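Read through the structure below, which is laid out as structure tokens, and then see the notes.
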Amino acid sequence: MSSNTNQNTSINHFEYEKYATQEDKMLQKNGKKLDRRTAYTRMMIRESLYRLLEKKHLSEITVKELCEGAEINRATFYRNYADIYDLYEKLEEELTESAFADGNIEEDRYKLLEVIYENQTFYKEFFLSRLESRYIKATVSKMYDQMKALLKERGTWDERTFQISYQYNYYGVIGVLKEWLNAGCPEKPKELGDIVYGIVEKQYQ
């Protein structure tokens with residue numbers, strides 16, 4: 004699997020604590036000590052996955068070679084993840100939650116595009132594996148919540164028409180993201196965001 008040498012194709016390496024899972028964060032929030040050894044092990048597993056993704060597709064990666072790269076045994080891997088796909092989905096969750104840590108998705112609608120742009124290999128494989136990101140869906144939903152409020156204010160609101168439009172545009176956005184990644188992300192996040200949001204907003208003017 005070839006990587007784009009002109010762009011940063013590996014995951015941004017967050018600070019140590021940011022690699023903690025949501026369960027770890029809840030323990031810490033409740034005054035319990037963060038298990039740093041577990042967090043470090045998970046970090047090593049992720050690092051091994053990043054390196055492998057630059058060489059092959061997710062479906063071709065085995066737990067054995069991932070463990071060899073992380074220098075752990077299989078039992079350690081299975082204490083943390085059910086399988087490779089479980090690891091991948093949790094990584095996407097943690098990656099995106101870190102980007103939206105302030106909880107203001109609607110205040111910066113370009114954040115998700117920036118995350119994808121900075122982690123092209125990861126998201127290209129994510130879409131190729133036909134996985135679904137609840138954060139991409141959440142971002143699109145936020146945009147449509149704003150559209151819904153605007154239409155109701157104008158008195159042009161129709162529930163069924165809006166639902167059809169939402170589904171049409173949601174999968175259209177997914178298609179745009181896939182094409183953007185396959186082309187090597189030639190547009191900067193803000194540039195692509197302006198194009199996509201501009202097209203959607205024109206439908207409701």
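Going from the sequence shown to this note's numbering is simple: count from 1 and add 3. Beta carbons are placed, not taken as given, at the ideal position from N, Cα and C, and that holds for glycine. Computed from a predicted model, the values in this text were never measured in an experiment.
Going straight from the alpha carbon of residue i to that of residue j, what length do you get?
i	j	result
E68	T79	14 Å
L52	L184	19 Å
S132	K151	32 Å
I87	K58	16 Å
Q206	E190	23 Å
R49	V203	36 Å
L113	G175	The sequence given here has Tyr at residue 113, not Leu. Distance between the alpha carbons of Y113 and G175: 17 Å.
S144	T159	19 Å
V66	P192	34 Å
R82	D38	14 Å
R54	Y43	17 Å
S136	L94	11 Å
R40	R77	16 Å
Helix or strand or just coil, what does DSSP make of residue i?
i	result
T65	coil
E2	Outside the shown range of the chain, which is 4 to 208, sits residue 2, and nothing can be said about it.
G158	coil
Y113	coil
N76	coil
D89	helix
Q206	coil
So which of the options has the shortest CA-CA distance to residue i?
i	options	result
L90	R157, K127, M46	M46
Length at least 4, wholly inside the segment 118-143: the alpha helix (DSSP H) runs in chain order: 123-131
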